[in-house]
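Just so you know, we're using UniProt numbering here: the sequence shown kicks off at 1 and counts up by one.
Right, one structure below, let's go through it.
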Amino acid sequence: MAKVKKFITCDGNEAAAHVSYMFSEVAAIYPITPSSPMAEHVDDWSAKGRKNLWGQEVSVQEMQSEGGAAGAVHGSLQSGALTTTFTASQGLLLMIPNMYKIAGELLPCVFNVTARTLASHALSIFGDHQDVMACRQTGFAMFCSGSVQEVMDLSAVSYLSALRSSVPFINFFDGFRTSHEYQKVELMDQEEIRPLLDMNDVKRFRDRAMSPERPVTRGTAENPETFFTHREASNKYYNSVPEIVEHFLGEISKITGREHHLFDYYGAEDAENIIILMGSATEAAKEAIDYLLKQGKKVGMVAVHLFRPFSKKHLFAAVPKTVKRISVLDRTKEPGAEGEPLYLDIKSAFYDADIKPLIVGGRYGLGSADITPSHIISVYNNLELPEPKNHFTVGIVDDVTFTSLPEVEEIPLGGENTFEAKFYGLGADGTVGANKNSVKIIGDNTDKYCQAYFSYDSKKSGGFTCSHLRFGDERIRSTYQVKTPNFVACHVQAYLNMYDVTRGLRKNGTFLLNTIFEGEELVKFIPNKVKRYFAKNNITVYYINATKIAQEIGLGKRTNTILQSAFFRITKVIPLDLAIEQMKEFIVKSYGRKGQDVVDLNYAAVDRGGEYNILEVDPSWANLPDDEKVNDDAPAFVKEVCRPMNAQAGDLLKVSDFVNHGTTDGTWQVGTAAYEKRGVAAFVPVWNSENCIQCNKCSYVCPHAVIRPFVLNEQEKAGFDDVTINVMAPKELKGMQFRIQVSDLDCTGCNNCVDVCPGKRGEKALALKPFNAASEETKHNAAQWQYLTKQVKSKQDLVNIQMNVKNSQFAQPLFEFSGACAGCGETPYVKLVSQLFGDREMISNATGCSSIYSASVPSTPYTTNERGQGPAFNNSLFEDFCEFGLGMALGNKKMRGRIKFLLTQQASDEHVPAEFKEAAKEWIESMDDAEASKKASDKLKPFIEEGAKAGCPVCKELKVLDHYLVKRSQWIIGGDGASYDIGYGGLDHVIASGEDVNILVLDTEVYSNTGGQSSKATPLGAIAQFAAKGKRVRKKDLGLMATTYGYVYVAQVAMGADNAQTLKAIKEAEAYHGPSLIIAYSPCINHGLKIKGGMGRSQAQEGRAVEAGYWHLWRYNPTLAEEGKNPFSLDSKAPQWEKFQDYLASEVRFLSVKKAYPAEADELFKACEDMAKLRYQSYVRKTKEDWSEQL
């Protein structure tokens, strides 16, 4: 009986995890993008009782870092358990020391790697082969798959081969392009794999397990006379690997019917020009080869699967004997090398071969740069030249060192019957999730093949997303973004003015717009270039007000289900009844854990997806002129570099654009976020002056610094033509005018400002209103914002900005318009620090949410004051942010010490004027006092300047160093994952150093940036990724641990619970001459706030957390101990414990436990409350300590 094929629609991560689960007994894991979903799948399947090949659930252990995960893998293997892990990029590099050990000890295991870029001049979470290539010397075999189907088919080969050979494997595939690409693939069944597993291989591994019953010693140290000889003893194991892999590839081929070898050849049998490469680009290359073969070209390709050990024998078996020229393509860059790794291997292989083809090499696709068939055609064109370019790049324009190949016009090669669609959405609006469901609905319920890939900018929720979907009757090989869609949906009306959303839309195609406009108002809103495209290409245009429908239903800003329903109704890619039935099934899967109410709301959204209209396209639009360009005061860097990148046209920039603007080393100009003006909010706040009490709380809590108080003097007021009111306080500003102004185009519409506004007599001074980016009112508000920020001077020098919350907001935020989520709980703290100390602030930031929203090009939110001063920001790595910050402080300390040394020299020089000496003396005496050092610096600088001009060598050196004169405020910022887990060792060392640094921990209680995985900050009972059944151990009390040093200032704060306590803690921490640690509670989108308004009430949620006893406010100030006082202050009131369980029920991360594991939920929640009470009791005990007697 013929085998019945079973298909599923999944991404590469799920395919790899599916196979990994079969062979694994233990998984030691740590989150890192884009590999985390593999571990999440394994954890979830284990929690649900899925069985591996041994009939057991996989034991999953999250570690504190990738280095820790590798150590755990090593230990587990030595104990005799088949163990795996999942990682990428810097995470893989942290595993390298253990990889040498694992390989040297011949321990069979598989590291599943989503190959990703390494951080160099900048961080990139996207894909290439830099990380795996950094491991080719470790002794791990390296096996590569090029598509989701290959990952499903071939991952077992790595596991089987590792067990047979005793050599560990890296099983890798391209990060994002394969790991996150959804494809309809044939499922590899566990029972089909079982016969391939030789239990003798397993027994051989288990027999080597460490045991007191048969003790041995491993991990020895060896001397020079034997180490080299001993190291060579493993050669036979590596020599056997290629034939073992080839054997298992053959066995897998018998199951799938798809033939694979160590090197797969595709193309003409008599090919003369071939390319050699590995990974996802091999699929796009097949499309290019088919195209060229039809033109009679003799071309082909070798796709590499087994990269290490490298087998010349199997390579030569794959390469046609007719080959004359070879182009080797590497997805990595090794500066200074003669060539990249695969190129060098191929050159070496052919050095003493019988045939001597011309071999050139090039680089492509770094950081997931798209590689299309046209790029591959350009490579073949290069091979046809009399002298092909060597060491080339393809897919970019290098007009500086001229490495790039000429561009070839894009050609649609995905197949005549393939339907292509693009969906432009907003991060967290549900567009991506809906399209994942759509492709699964089509893939799982029809005979069609399907593919989905998702591109993002680097902002958090609220950023740009584009979903690329393909459907067809034949297998889809187009491993690149959709270039020529049949259908385009634009879910954000503002995008019509921001991005080229019609780019590539085919003639007679379809366009769907989500908009609040209709009729003539809609026609007026659509830019001329878009209308012209519609008319010239006979586009059918639909529009729908999904924003209004979502509000009516009660879904808030979530328009995704409505628009998904509209897509199925308009395109009819599958029968509508089937689409609706399946959409509702997926709603239960996606939202069931959030409650039946959410399910019902989305059901209603499906039913209302037919409320769209057709826009009549006027043929005369074909002759419309270009839209009038708006000129502004943006600097050249913004116009020439940032704006093309913001418009998703960064691929059109040339190398010279970066060189000419001085960004070669990754340096980026500050303040560029101010020029973006995205206008993505559905609603924005409006100020009612009559109800305003001038508390400035709205500005204090704003995550994006888009609402601010402005104080105008008489002259400034004369140039302003809108409402202002008399300043009520402070006295220093009396007689001036006050106004709250909103930058509508920068606002994300989160609602926190409205929520915290006390107003007068029960009437708030702020209210949300629908936002129309094209309205006259918006243009007026933008002009007002421009005037107030450019023409009205800050009055912060007239008041003590550290005195109270109100005064703090008269200080200019030097952190504005970041890419953080709407309602972000973290950024209000970051912004406040910038207001208080930004003019002298140095920042070392851990990789994570805070580094992404703080420094994702092209839009940088850190900015400068009118004197050009502002925070200096840098991000090193995830794990070393505290050490990096300490290094900054040490370097600064050394340079300031140099200044002191030079000024002391000057003081003893009889030729130095007395006034200079007096200014130098004043600076030396005040150098460690922030405000005093500012004044002393202002006095000293003119003397240094004068001396330098006169030729004084000491003054010339002082002139170079004068930017160190003002005492710097060193801040070290990171999330709980960095602080509690991977970077904790560094954090502990830095606070132990006693140096004057300030550590700000933005505690979201999960790994927010990588998708909400559990950390040691995650509370007992909460569901998170890697804690699928709810976390079973209590939260680590990082703050209380730090107090044991006695000389570290520590505070635990929650801005929404107590504005003043937060301000006081930050002020005291910075003033303390020693290390400080502030732990700031930060609600996150990953918490799933159930309260009406969601993250628009994140500040209120902080208040509820403290009120219920979930979070506590306290400060530990060592200076009080020196005075004989108790350094510990418990600042929050006695908790209302009766509200604790209601608080837990207000967040999906807890509510999900109750829905998934009802029998255990009550016990977990009670334990969570008990732990909170224990913490509180420990704080109460601290308040009762007697510090009156000192030694």
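Glycine included, each C-beta is placed from N, C-alpha and C at the ideal position.
Bounds of the alpha helix (DSSP H) holding Met1171 are Pro1158 to Thr1183. The Cβ-Cβ distance between Phe568 and Ala550 does not fall below 9 angstroms. According to the DSSP assignment, Ser458 belongs to no beta strand (DSSP E), since it is labelled neither H nor E. Arg136 is not a Cβ neighbour of Arg331, given a cutoff of 9 angstroms. Taking a C-beta distance under 9 angstroms as the contact criterion, Pro412 and Thr484 qualify as a contact pair. Considering only Glu420, Tyr1179 and Tyr1110, the residue with the shortest C-alpha distance to Tyr1116 is Tyr1179.
A contact is defined here as three or more CB-CB pairs under 8 angstroms, and the region 1167-1176 meets this definition with respect to the region 1107-1114. Under the three-state reduction of DSSP, Met736 is assigned to coil, being neither helix nor strand. In this structure, the alpha-carbon of Asp11 lies about 6 angstroms from that of Ser179. Distance between Ala889 and Gln970, taken at the CA atoms: about 7 angstroms. Counting the other CB atoms within 10 Å of its CB gives Glu1102 a total of 16 or more, which places it among the buried residues. Across the set Gly885, Phe881, Ile376 and Asp746, the C-alpha of Asp746 shows the shortest separation from the C-alpha of Ser818. For Thr9, the three-state secondary structure derived from DSSP is strand. Minimum Cα-Cα distance from Ser478 among the listed residues Ala634, Thr418 and Cys882 corresponds to Thr418.
DSSP assignment within the region 497-559 yields the following whole beta strand (DSSP E) runs of 3 residues or more, N-terminal first: 510-514 and 540-544. In the pairwise beta carbon analysis, the region 912-926 is classified as not touching the region 877-892: fewer than three pairs are separated by under 8 angstroms. Here Met301 carries a strand assignment [DSSP, helix/strand/coil]. Look at Asn1086 here: in three-state DSSP terms it is helix.
The beta-bridge partner set that DSSP reports for Thr83 consists of Val26.
DSSP places Ala119 outside both helix and strand once states are collapsed to three, so it counts as coil. Around the beta-carbon of Ile614, fewer than 16 other beta-carbon atoms lie within 10 Å, marking it exposed. In the DSSP assignment, Val241 falls outside any beta strand (DSSP E) and within the unbroken alpha helix (DSSP H) covering Asn235 to Thr256. In the DSSP assignment, Lys900 falls within the alpha helix (DSSP H) that extends over Phe881 to Ala907.
With contacts defined as CB atoms closer than 9 angstroms, Ala268 and Leu293 qualify as a contacting pair. By the criterion of a C-beta distance shorter than 7 angstroms, Arg558 is surrounded in its chain by Asp429, Gly430 and Ala550, once the five residues flanking it on both sides are discounted.
Secondary structure note for Trp687: its beta strand (DSSP E) is the uninterrupted segment Phe683 to Trp687.
Under the 10 Å beta carbon count, Gly257 is surrounded by fewer than 16 other beta carbons and is classified as exposed. Leu745 sits in coil when the DSSP states are folded into three classes, being neither helix nor strand. Residue pairing by DSSP places Trp785 in no beta bridge whatsoever. Counted as a single uninterrupted DSSP element, the beta strand (DSSP E) harbouring Asn874 occupies residues Ala872 to Asn875.
For Ser808, there is no enclosing beta strand (DSSP E); the enclosing alpha helix (DSSP H) has its first and last residue at Val805 to Ser808. Here Arg1181 is exposed. Its C-beta has fewer than 16 other C-beta atoms within 10 Å.
Taking every protein chain shown into account, the CB of Ser937 has 16 or more other CB atoms within 10 angstroms, so this residue is buried. Between the region 45-62 and the region 962-977 there are fewer than three inter-stretch CB-CB distances shorter than 8 angstroms, so the stretches are not counted as touching. Here DSSP, grouped into helix, strand and coil, assigns Arg1104 to helix.
For the pair Phe205 and Leu93, the CB atoms are not nearer than the 9 angstroms cut-off.
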